[in-house]
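Take a look at the structure below.
Numbering (the numbering used here), first residue to last: 1 to 282.
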């Protein structure tokens, strides 16, 4: 299948109309329509319902969506791996939760670039399910996450233990406007055990960055890694609710058993060192 067809499909779905997809792809609307018709002919089904409001996925379109994503990602990864420029000996793809990139792995990227200048890197943000699937498919070489799953041919190593603390914006009523961040099933189990009578939150977020930005702009409270909110607490932007329990959440690094050890092990060694230095500084 031509990957341009899959890209056009994703653009039409993401923008909600063939007109907007054409603008995004810098082609004509008739080209988008022709590509979608060709794709539908290849698959033998109708992918979109077209009307004046735009284009919406059919049931078949929704089922094809995940395959289109995988197809495009696989081709992008292949181009990254195969099309290495002169002087680059290997390429590595790394994925992690956004909260682990922030304050930890972004700095690590700089260290890798300085220590291993002949390595090409591709990075992405994801939740555990996407990261694990990327590792299983071979799209990712290294994944850093909170709740990995054991799979054949993958090795799991604990990287650090996050301490999640309940923080709030200053004010007498801020603690009542609780924002629940989905830090994964392990956190949920600890939270439920400590707050068995807690009702459903008025607001929840699956990404810590989103929950924290909302809290800072609108007030409220929520559980966040001390590593991420330490500076905000020191400046008084947030306050720590000392009466609430802390939770410990391990973060893990996952990689393939048959990895290129000369490259991957060196990169993970730099990540371990960064964690040790961060712990020493704390």
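Cβ coordinates follow ideal geometry from the N, Cα and C atoms, glycine included.
Pairwise C-alpha distance: residue 75 and residue 36:
Taking the chain shown and counting its residues from 1, the one referred to as residue 36 is at position 36. Taking the chain shown and counting its residues from 1, the one referred to as residue 75 is at position 75. Taken atom to atom, the span from the alpha-carbon of residue 36 to that of residue 75 is near 19 Å.
What residue ranges within the stretch 197-221 form continuous alpha helix (DSSP H) runs of no fewer than 4 residues, ordered along the chain?
Runs found: 208-218.
In terms of DSSP beta bridges, what is residue 55 paired with?
In the chain shown, counting from the first residue as 1, residue 55 sits at position 55. The partner list for residue 55 (beta bridge, DSSP) reads 50.
Could you say which of 6, 211, 143 lies nearest to residue 69 if we only look at CA atoms?
For the purposes of this step, residue 69 is identified with residue 69 of the chain shown, where counting begins at 1. Ranking the options by Cα distance to residue 69, first place goes to 6.
Please tell me whether, using a cut-off of 7 Å, the distance from the CB of residue 93 to the nearest non-hydrogen atom of the ligand FAD is below it.
In the structure on display, the ligand FAD does not appear, and there are no ligands present to speak of.
Are the Cβ atoms of residue 226 and residue 272 separated by less than 8 Å?
Translated into positions along the chain shown, residue 226 becomes position 226. Translated into positions along the chain shown, residue 272 becomes position 272. Not a contact, by the Cβ cut-off of 8 Å.
Have a look at the DSSP bridge pairing and note the partners of residue 252.
Working through the chain shown from its first residue, we reach residue 252 at position 252. Per the DSSP secondary-structure output, residue 252 pairs in a beta bridge with 145, 158.
Could you give the first and the last residue of the continuous alpha helix (DSSP H) run that contains residue 230?
Mapped onto the chain shown, residue 230 falls at position 230. That run of the alpha helix (DSSP H) goes 226-235.
Start-to-end residues for the alpha helix (DSSP H) that takes in residue 123:
As a first step, residue 123 must be located in the chain shown, where it is residue number 123. Membership of residue 123 in any alpha helix (DSSP H) is not indicated; the residue belongs instead to the beta strand (DSSP E) covering 119-125.
If you follow the beta strand (DSSP E) that residue 91 is part of, which residue opens it and which one closes it?
Looking up residue 91 in the chain shown gives position 91. Note, residue 91: beta strand (DSSP E), 90-96.
Buried or exposed for residue 139, going by 16 or more other Cβ atoms inside 10 Å?
To locate residue 139, count along the chain shown from 1; it is residue 139. The residue is buried, with at least 16 neighbouring Cβ atoms inside 10 Å.
Determine the DSSP secondary structure at residue 65, reduced to helix, strand or coil.
As a working mapping, residue 65 is identified with position 65 in the chain shown. The DSSP-derived three-state label of residue 65 is helix.
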